[in-house]
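To start, the structure under review is shown below, and the notes come after it.
In the UniProt record's numbering, the protein residues as written are 1 to 189.
See below:
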C-alpha cells in the first residue's frame, strides 16, 4: 500500500514540477504555488520512505527474535536432556556435553550474525554516491535550461508596475517617541 502511495506521490511531484516550469516567469504566483506543493509532496515522500525503512528493520528484527526464540527452545530441550542424562554421568561426560552445547551456541550466534549482515544491493548503497549522482542530474537539467534561454532580442516585454514618484511618508516623531518610551518601560520591569 505504501509503495503504491509512494508511486502516486512521485507522479504528483513530477506534475507539480512540470506546472512550475510551464508557468515559469509567465505567472510567478502559480509557479511558486506549484513549487510549494512539490516541496510538501517531497516531504510526504520522505516520510513514506522512512516508514518503509522502519517497517523493513522491524521485519528483520522480528525474524531475528523468532530465530533466537527457536534457539532458546532448543537449548532448553538440550538442558533438560542434559539434566536427565546427568544421572550416573561422570564429570568428564558433563564437561564434554557442555562443550558441545557451547559449540552449538557459538554456531547459532555465528548464524544469527551472518543473517543480520547486509547483503546484496542494500550493502552496496552509499548515500554520498547517491547524492553525487543527484547533483549531477541537477547540473544536467540546469545546463539544459541554460541552453534554452532565449536571446535578449527575443525577450518578452514585462508588464511591470510603474516606479513610485514620491518618497514614502516618514512615521510621526511622536509615535516613535511613544514606542521608545514603552520599550524602555518594558525593559525596566
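Using N, Cα and C, we set each Cβ at its ideal position, and we do this for glycine too.
Computed from a prediction, not measured in an experiment: that's the story for all the values here.
{"Check": "Through-space distance from residue 182 to residue 189, alpha-carbon basis", "Outcome": "11 Å"}
{"Check": "Environment of residue 149 [buried if 16+ CB atoms lie within 10 Å]", "Outcome": "exposed"}
{"Check": "Helix, strand or coil at residue 163 [DSSP, three-state]", "Outcome": "coil"}
{"Check": "Rounded distance between the beta-carbons of residue 51 and residue 2, thought under 8 Å", "Outcome": "6 Å"}
{"Check": "Alpha-carbon spacing of residue 129 relative to residue 112, whole angstroms", "Outcome": "30 Å"}
{"Check": "Presumed contact (8 Å Cβ cut-off) between residue 13 and residue 43, rounded CB distance", "Outcome": "Not quite, the Cβ-Cβ distance comes to about 11 Å (not below 8 Å), so this is no contact."}
{"Check": "Beta-carbon contacts of residue 136 that lie in its chain and below 8 Å, excluding the five residues immediately before and after", "Outcome": "none"}
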